[in-house]
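Student: First residue of the sequence shown? That's 320 in my numbering, and the numbers climb one at a time after it. Just so it is clear, CB atoms sit at the ideal spot from N, CA and C, and this is done for glycine as well.
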Amino acid sequence: MTITLHQLNSCTASHFVELLSGIYEHSPWIPQRAEVQRPFVSLAALKIAMQQVVAQASGQEQLGLICEHPDLAGAAALSGELTPESTGEQSQVGLLNCSPEQLDVISALNSAYRARFGFPFIIAVKGPDGRGLKRNDIISAFMRRVKNQRAEELSECLQQINRIAEMRLNDLFNVTLEFGNDIMAQAEVIGSWSDEAVGLTCAFLTPAHRKTANQLAEWMCAAGMQVSIDAIGNVVGRYLSDQPDAKTLITGSHYDTVCNAGKYDGREGILLAIAVVRHLHARGEKLPYHLEVIGFSEEEGVRFKSTFLGSNAVIGKFDLSLLDKTDAAGVVMREALTEAGHDVSCIAAIARNPQDILGFVEVHIEQGPVLLQKNLPVGIVSSIAGSSRFLVEFTGVASHAGTTPMDMRKDAAVAAAEIILFIEKRCAMVAALVGTVGQLQVPEGSVNVIPQRCVFSMDIRAADNLVREAAVAAILQQIDTVCQRRGIEFSINKIIDIPAVQCAPWLMNQLQRATENAGVPVVVLPSGAGHDAMAMANITDVAMLFTRCGNGGISHNPLETMTADDAELSAQIFLDFLRQLKPQA
Ligand code: GLV
Ligand code: MN
Ligand code: MN
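#1: Less than 7 Å between the CB of D885 and some heavy atom of ligand 3, yes or no?
#2: Could you check what DSSP says for T570 in three-state terms: helix, strand or coil?
#3: Grouping DSSP H, G and I as helix and E and B as strand, with all else coil, what is S511?
#4: How many angstroms separate the CA atom of L414 from the CA atom of L391?
#5: Following a CB-centred definition, is H573 positioned closer than 7 Å to any heavy atom of ligand 3?
#6: Please name the residue or residues paired with E712 in a DSSP beta bridge.
#7: Apart from the five residues on each side of it in sequence, which residues of its chain come closer than 6 Å, Cβ to Cβ, to E619?
#8: Would you say H528 touches ligand 3, meaning its beta carbon is less than 7 Å from a heavy atom?
#9: Got a list of residues with beta-carbon closer than 6 Å to any non-hydrogen atom of ligand 2, in chain order?
#10: Name the two residues that bound the continuous beta strand (DSSP E) containing T866.
#11: Let me make sure I understand the geometry here. Which of L897, A883 and N672 has the alpha-carbon closest to that of A833?
#12: Does the stretch 649 to 666 touch the stretch 816 to 831, meaning 3 or more C-beta pairs lie closer than 8 Å?
#13: Can the beta-carbon of R469 be found closer than 8 Å to that of F436?
#14: At the level of alpha carbons, what is the spacing between P526 and H719?
#15: So what does A647 bridge to, in DSSP terms?
#16: Can you determine whether any heavy atom of ligand 3 sits closer than 7 Å to the C-beta of A848, and answer yes or no?
#17: Whose C-alpha, out of T570, A670 and I457, is nearest the C-alpha of D549?
#18: So what's S274 in DSSP terms, helix, strand or just coil?
#19: Measuring CB atoms only, is the stretch 626 to 640 touching the stretch 552 to 566, in the sense that at least three cross pairs come out at less than 8 Å?
#20: Touching or not, the stretch 793 to 807 and the stretch 866 to 885, by the rule of three or more beta carbon pairs under 8 Å?
#21: Run through the DSSP bridge pairs and tell me what S560 is partnered with.
#22: Taking only three categories from DSSP, how would you classify L606?
#23: Between the beta-carbon of I676 and the beta-carbon of I569, is there less than 8 Å?
#24: Taking the alpha-carbon positions, what's the G465 to K445 distance?
#25: Over what stretch of residues does the alpha helix (DSSP H) that includes T531 continue unbroken?
#26: Is H683 near ligand 3 - that is, is its Cβ less than 7 Å away from at least one heavy atom of it?
#27: When you compare each of D778, H850 and E835 to I815 by their alpha carbons, which one comes out closest?
#28: Are the stretch 756 to 772 and the stretch 732 to 744 touching, with three or more C-beta to C-beta distances below 8 Å?
#29: May I ask you to list the residues that DSSP assigns as paired with V820?
#30: What residue does the alpha helix (DSSP H) around I385 start on, and which one ends it?
#31: Under 8 Å between the Cβ atoms of G764 and A734?
#32: Of the choices V355, S459 and S474, whose alpha-carbon is the least far from that of L691?
#33: Judging by CA-CA distance, which residue of P347, P607 and S640 is the nearest neighbour of F623?
#34: Below 8 Å between beta carbons: does that hold for P770 and A736?
#35: When burial is assigned at 16 or more other CB atoms within 10 Å of the CB, is S810 buried or exposed?
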């Protein structure tokens with residue numbers, strides 16, 4: 320049976336509840352409470368309304384909803400006692416014909432999970448792209464989640480239930496996604512090209528990186544864009560307006576990744592823009608401005624320890640002295656570029672003329688838990704946190720671990736440890752201030768020698784520059800104090816100091832309008848992560864649209880995830896934004 324929004328908006332309250340009775344397992348109270356919000360302007364609005372009912376329910380009701388669900392491939396499933404919806408879902412991914420060994424593993428996990436949490440394990444088996452998780456992925460998610468804290472797991476189950484409901488609604492409405500499936504499938508394709516045998520690592524100019532660039536260029540071309548790869552490896556696609564003198568709106572994000580990355584960080588913003596252009600081109604629809612989609616070659620700073628190489632070239636601030644930097648294997652950046660077929664003498668010419676640009680709008684996965692916790696698929700970014708990064712080196716005295724009394728040591732690692740704890744404490748004092756020591760080494764350390772050297776990186780971020788600067792000053796002062804007291808020498812090397820960027824209200828307002836048009840409540844949130852938009856803000860107004868991140872908001876991790884439905888909605892909102900864009904007067 321297929322139903323329409325019009326039917327749902329115009330039927331009686333009891334018919335509404337009946338039509339939606341299979342969406343949340345044995346829980347008619349959810350459509351009952353959502354019903355009063357009719358009419359719904361979109362399917363997204365209906366989904367969100369029901370999710371908000373779940374979020375606002377009492378703890379008892381939420382637990383009751385979770386407990387209405389059957390065990391995964393449990394006794395009820397095997398004896399055919401599930402709801403038709405659950406039977407369909409569990410059988411589609413092969414859970415109803417597991418091997419005896421797999422059934423044993425699942426049954427042991429079901430028991431361990433129930434014993435720990437007192438409710439059944441719930442997973443949307445159709446997965447983020449709706450095409451079905453593999454049995455082994457389900458089992459490994461089960462093994463991981465059984466170790467979670469109870470509160471964490473409760474909210475994960477509710478999110479999984481909302482995802483199940485979303486896909487049941489899609490089936491009921493016979494929804495076909497225009498963009499979301501392609502975005503997810505293409506992220507999967509380039510996500511499988513890695514510098515490492517296991518996991519996704521795609522660093523500047525490696526074979527995987529160059530293969531990715533060529534693939535993006537091919538997809539841009541097929542979508543109807545004029546495409547080139549510039550001298551720093553940016554993949555640039557232009558969807559030309561039929562008004563030749565028009566200005567250009569730039570969008571896009573980076574295609575390089577951190578080590579062992581997620582598949583969507585950066586890439587979503589490129590693939591989504593390509594999907595939207597493909598749609599416009601297929602309909603012969605032109606925009607009153609040129610649209611440029613840039614796949615920035617480098618943002619993460621993995622290979623040459625220098626970030627924003629791609630976007631800095633576009634804004635005309637590429638520091639040519641970086642060409643002499645070497646990677647961990649001793650390869651010089653200049654040689655890596657030349658070897659990849661780039662002419663480094665053309666880098667300066669990549670710079671855009673700010674007069675030609677309308678603005679820069681980047682779509683990016685949120686990489687945090689805010690949208691997930693608010694049950695909202697997208698959010699509008701207000702500002703991007705500024706970032707100060709340092710490498711700090713401590714030098715003490717190596718001496719015998721067995722013979723040197725505790726009060727006679729000059730231990731570089733303990734000095735560093737004291738500072739790391741100070742960073743944690745200082746940054747926890749202020750909301751929206753964060754500090755991280757992501758690299759920590761005791762070079763040439765031995766188990767029986769007091770550390771002579773200790774090196775760490777620190778990354779301090781805040782949306783407010785004064786807050787960040789005050790924290791940095793306090794930390795530098797503490798390094799001095801601790802090292803004086805412990806008789807340790809230190810050196811500090813600043814590697815990045817980028818101020819926070821405010822998004823342009825005129826662009827944010829237009830993203831807001833497009834979000835409202837889609838029937839989605841507007842949430843405005845700051846970005847703690849850095850983005851190419853920070854560099855672009857040097858030459859033009861910027862804005863960002865965030866897409867909800869699954870799995871508790873984890874990112875820079877292979878567990879990073881998003882759904883095809885959220886990608887779809889983000890693309891629809893971005894398309895509406897492009898169509899209605901009114902340049903700043
Ligand atoms: C980039 O991903 C950053 O925020 O570190
Ligand atoms: Mn990143
Ligand atoms: Mn990113």
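Tutor: Answer, in terms of the structure:
#1: In the sequence shown, the residue the question calls residue 885 occupies position 566. No, ligand 3 has no heavy atom inside 7 Å of this Cβ.
#2: For this step, residue 570 is matched to residue 251 along the sequence shown. DSSP places T570 in strand when its eight states are reduced to three.
#3: Mapped onto the sequence shown, residue 511 falls at position 192. S511 sits in coil when the DSSP states are folded into three classes, being neither helix nor strand.
#4: In the sequence shown, residue 414 corresponds to position 95, counting from 1. In the sequence shown, residue 391 corresponds to position 72, counting from 1. One C-alpha to the other measures close to 8 Å.
#5: Locating residue 573 in the sequence shown gives position 254, where the first residue counts as 1. Yes, the beta carbon of H573 sits closer than 7 Å to at least one heavy atom of ligand 3.
#6: For this step, residue 712 is matched to residue 393 along the sequence shown. In DSSP, E712 forms a bridge with V774 and S810.
#7: Within the sequence shown, numbered from 1, the residue matching residue 619 stands at position 300. Excluding sequence neighbours, E619 sits near D575 and V577.
#8: Working through the sequence shown from its first residue, we reach residue 528 at position 209. Incorrect: H528 has no Cβ contact closer than 7 Å to ligand 3.
#9: Cβ-based neighbours of ligand 2 within the cut-off: V577, D584, E619 and H875.
#10: Taking the first residue of the sequence shown as 1, we reach residue 866 at position 547. Where T866 is concerned, the enclosing beta strand (DSSP E) starts and stops at V861 to T866.
#11: Here residue 833 refers to the residue found at position 514 when the sequence shown is read from its first residue. Comparing alpha carbon positions, the residue from L897, A883 and N672 closest to A833 is L897.
#12: Result no; under three Cβ-Cβ pairs closer than 8 Å.
#13: Against the sequence shown, residue 469 aligns to sequence position 150. Against the sequence shown, residue 436 aligns to sequence position 117. It is a contact, given that the beta carbons lie within the stated cut-off.
#14: Within the sequence shown, residue 526 is the residue found at index 207, counting from 1. Within the sequence shown, residue 719 is the residue found at index 400, counting from 1. P526 and H719: Cα-Cα distance of roughly 46 Å.
#15: Taking the first residue of the sequence shown as 1, we reach residue 647 at position 328. None, per the DSSP bridge assignment.
#16: Stepping through the sequence shown from its first residue, residue 848 is reached at position 529. Result yes, Cβ under 7 Å from ligand 3.
#17: The residue labelled residue 549 in the question sits at position 230 within the sequence shown. By alpha-carbon distance to D549, the top candidate from T570, A670 and I457 is A670.
#18: Residue 274 falls outside the range modelled here, since the chain spans only 320 to 904, and no answer is possible.
#19: Cβ pair count under 8 Å is three or more, so yes.
#20: Judged by Cβ distances under 8 Å, the stretch 793 to 807 makes no contact with the stretch 866 to 885, as fewer than three pairs qualify.
#21: In the sequence shown, residue 560 corresponds to position 241, counting from 1. When DSSP reads this structure, S560 sits in no beta bridge, so it has no partner.
#22: Position 287 of the sequence shown holds residue 606. If DSSP states are grouped into helix, strand and coil, L606 belongs with coil.
#23: Against the sequence shown, residue 676 aligns to sequence position 357. Against the sequence shown, residue 569 aligns to sequence position 250. Yes, they are a contact pair.
#24: Stepping through the sequence shown from its first residue, residue 465 is reached at position 146. Stepping through the sequence shown from its first residue, residue 445 is reached at position 126. It is Val, not Gly, that sits at residue 465 in the sequence shown. Between the alpha carbons of V465 and K445 lies a distance of about 20 Å.
#25: Position 212 of the sequence shown, counting from 1, holds the residue named residue 531. Counting along the chain, the alpha helix (DSSP H) containing T531 begins and ends at P526 to A541.
#26: Position 364 of the sequence shown, counted from the start, is the residue given in the question as residue 683. Yes, the Cβ of H683 comes within 7 Å of a heavy atom of ligand 3.
#27: Here residue 815 is taken as the residue at index 496 of the sequence shown, counted from 1. Taking only the C-alpha atoms, the option nearest I815 is D778.
#28: In this structure the stretch 756 to 772 lies against the stretch 732 to 744, because at least three pairs of beta carbons, one per stretch, are closer than 8 Å.
#29: Mapped onto the sequence shown, residue 820 falls at position 501. In DSSP, V820 forms a bridge with I703.
#30: As a working mapping, residue 385 is identified with position 66 in the sequence shown. Start and end: G378 to C386.
#31: Your numbering for residue 764 matches position 445 in the sequence shown. Your numbering for residue 734 matches position 415 in the sequence shown. With contacts defined as CB atoms closer than 8 Å, G764 and A734 fail to qualify as a contacting pair.
#32: On the sequence shown, residue 691 is found 372 positions in, with the first residue counted as 1. Of the candidates V355, S459 and S474, the one whose C-alpha sits nearest the C-alpha of L691 is S474.
#33: Taking the first residue of the sequence shown as 1, we reach residue 623 at position 304. Closest by alpha carbon: S640.
#34: The residue labelled residue 770 in the question sits at position 451 within the sequence shown. The residue labelled residue 736 in the question sits at position 417 within the sequence shown. Going by C-beta atoms, P770 is not nearer than 8 Å to A736.
#35: Against the sequence shown, residue 810 aligns to sequence position 491. Taking every protein chain shown into account, the CB of S810 has fewer than 16 other CB atoms within 10 angstroms, so this residue is exposed.
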